[in-house]
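Have a look at the structure below before the remarks.
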Amino acid sequence: KLSPLSPASPNNYLDQSCCGRGCPGDHCFFSRGVSPAHRIHPTAQPMLARTRLSTFIPSLFVIRSRLAMSSATGTVTIHQPLNYRAGARVHPADGGQAEEVYEPATGRVICKVLCSGEKEVDLAVQSAKAAFKIWSQMSGMERSRVLLEAARIIREQREEIATMETINNGKSIFEARVDIDISWQCLEYYAGLAGSLAGECIQLPGGSFGYTRREPLGVCVGIGAWNYPFQIACWKSAPALACGNAMVFKPSPFTPVSVVKLAEIFTEAGMPKGLFNVVQGGAATGQFLCHHPDVAKISFTGSVPTGMKIMEMAAKGIKPVTLELGGKSPLIIFSDCALENAVNGALMANFLTQGEVCCNGTRVFVERKILDVFTKEVVKRTQKIKIGDPLLEDTRMGALINRPHLDRVQGFIKQAKEQGAEVLCGGDLYVPDDPKLKNGYYMRPCVLGNCTDDMTCVKEEIFGPVMSILPFDTEEEAVERANATKFGLAGGVFTRDIQKAHRVVAALKAGMCFINNYNLSPVELPFGGYKASGFGRENGRAAIEYYSQLKTVCVEMGDVESVF
């Protein structure tokens, strides 16, 4: 979910002469071997000069030794409470089951998170309900100013938040910084919309009229995923808060850390205490949230099976839901494409965040005329992706989220080989030279050839750095095969023929489509899927519809006529 920064951004150090996807200097994101001379230059990162990392880290972490930030991997332990209620960090009032939280880069336990029980969930909801009474009565412009202040604080603390995200998630610091930039951009975008939310007036006969009011829903629940912890929390909270709602957010128990920082930022920015609360926990905590009678709406990002359970629970209370679920998206490469762009697009479609991205284009359909040359170039570029310590500037692929997930991805690759796929590169475990990383959850990015549509690796979401290449001969064939899936989150096409491009994306059964690019998610554009990939939209003006409701008012300006 990477996007170029706004040209107006003070952090816009991207080289637009490159691919425009967030590349440092002269090299593409997945560069052909980034040498030290071509790493991001310090002068190209103005936010680093203003970072408050030295004041932030001691308040959250115990640093075992004084190390440069590039070597901080393996040094962090978290002791503060990770629930946030009524403007403060708190331990849950009940529940108390402790879950270990890992640093994927090292396999170390960095903290234990206490799961929230029914009482704690109720306290969080009641706190949000009280804050909602204040926030919902504020004007859109008043809410806008608070959201803009929150965005400013995130920009100011960009480096420390990105570092925290990398330590808890395992993705490269390079990517984490972009995630944080997208997060503050999201808040700024909805701050701009907050003051413009309005209904309409309709003239009726005899001077009477009607009008509509766009009103908030109340206390909304956000349930996040572990691949983009901070960014997903912003994607859900920004439109909700702009519309005048309150939110109780439950992050993934794998990545509980950064969302609490967002809650603190919202309070610092001037939101009423309790407007954005955080409860930690797993499935049981999620059930308490979904069943709570004072929850008005649920927005969930995660797997299809969990989404189905949430939809079932919400139905019992007739609560609206937004579901952003899994995908097995197609990327169609035609022979008339710009080959280097298509290769870049395929890498971006498969290997961001170690391949742990719901909208990844993991089924890469390549027109047979260019199959060999495309595959050769993709393999060559994939083999040069720098794997290792995610806090080092030149790392482009960090560690997967945990050991069970790494084993699951390895299982898919093993099954693919058994079903006849050919491993063209990667797919094996990777052990970095640095001894502190030896227990981390690393693997080499994998490209599979000789794939067919009936293979498990082509049908099921792997959620790891595994690309499947499939040849095709005609446009009609490619579209039919691309749509032959239960998912419908995303899709892409590379071609110089603009008519063909529009024709193909019009035929794709997917909610987010790309032409001659992939995995961009500007906050101005709606994001969401078709079919089993969910429904509802995040980002763009469309999200306002999912966090508000319309009230119709009919005004009679004359006498009442009765038939009785």
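Numbering (UniProt numbering), first residue to last: 1 to 564. No residue lacks a Cβ here, since even glycine has one placed at the ideal position from N, Cα and C.
- Partner residues in the beta bridge of N277, as assigned by DSSP, are V248.
- The residues G488, L489 and G511, in chain order, have a CB closer than 6 Å to that of G529 in the same chain once the five nearest residues on each side in sequence are set aside.
- The Cβ neighbour count for V466, taken over all protein chains shown within 10 Å, is at least 16; the residue is labelled buried.
- In terms of Cβ geometry, G286 and K250 form a close pair [threshold 8 Å].
- It is roughly 24 Å from the alpha-carbon of N517 to the alpha-carbon of F535.
- For A93, the CB contacts under 7 Å within the same chain, skipping 5 residues up- and downstream, are K119, E120 and L123 in chain order.
- Taken through DSSP and simplified to helix, strand or coil, L371 comes out as helix.
- When T375, S139 and G411 are compared, the shortest CA-CA separation from N245 is found for S139.
- In this chain, the alpha helix (DSSP H) harbouring N344 covers L339 to F351.
- When rounded, the separation of the alpha-carbon atoms in G491 and G361 is 7 Å.
- Considering only S303, N341, T306 and K316, the residue with the shortest C-alpha distance to P293 is K316.
- When Cβ pairs closer than 8 Å are counted between the two stretches, the region 449-467 is seen to touch the region 398-415, the count reaching three or more.
- Exclusion of the five residues before and after I232 leaves G224, A225 and T301 as the residues of its chain whose Cβ lies within less than 7 Å of its Cβ.
- In this structure P330 is buried. Its beta-carbon is surrounded by 16 or more other beta-carbon atoms within 10 angstroms.
- When DSSP reads this structure, Y530 sits in a beta bridge with G488.
- Here K551 is bridged, per DSSP, to R213.
- Cα atoms of N83 and A263: separation of roughly 10 Å, rounded to the nearest angstrom.
- Under the DSSP assignment, E103 falls in the beta strand (DSSP E) whose first and last residues are G95 to E103.
- I180 carries a helical assignment under DSSP once its states are collapsed to helix, strand and coil.
- A straight line joining the alpha-carbon of Q415 with that of A346 spans about 23 Å.
- Between the beta-carbon of L241 and that of L147 there is about 7 Å, and that keeps the pair under the 8 Å contact cut.
- The continuous alpha helix (DSSP H) containing S127 extends over residues E118 to W135.
- Distance check between L448 and each of K436, V295 and L424 places L424 closest, using alpha-carbon atoms only.
- For N341, same chain residues with a beta-carbon under 7 Å away, outside a window of 5 residues either side, are F494 and N516 in chain order.
- DSSP places E356 outside any beta strand (DSSP E), giving it a letter other than H or E.
- According to DSSP, residue pairing for P471 in a beta bridge involves V366.
- Straight-line measurement puts the Cα of F254 at about 22 Å from the Cα of L392.
- Burial state of K380 is exposed, judged by a 10 Å Cβ sphere holding fewer than 16 other Cβ atoms.
- Collapsing the DSSP output to three states places K297 in a strand.
- Assignment of beta-bridge partners to M512 by DSSP yields A490.
- Under the three-state reduction of DSSP output, Q203 falls in the strand class.
- Beta-bridge annotation (DSSP): E422 is paired with G449.
- In the DSSP assignment, I332 falls within the beta strand (DSSP E) that extends over P330 to I333.
- With fewer than 16 other beta carbons inside 10 angstroms of its own, V431 counts as exposed.
- About 7 Å separates the beta carbon of E99 from that of G282, a gap short enough to meet the 8 Å contact definition.
- A86 is not a Cβ neighbour of S116, given a cutoff of 8 Å.
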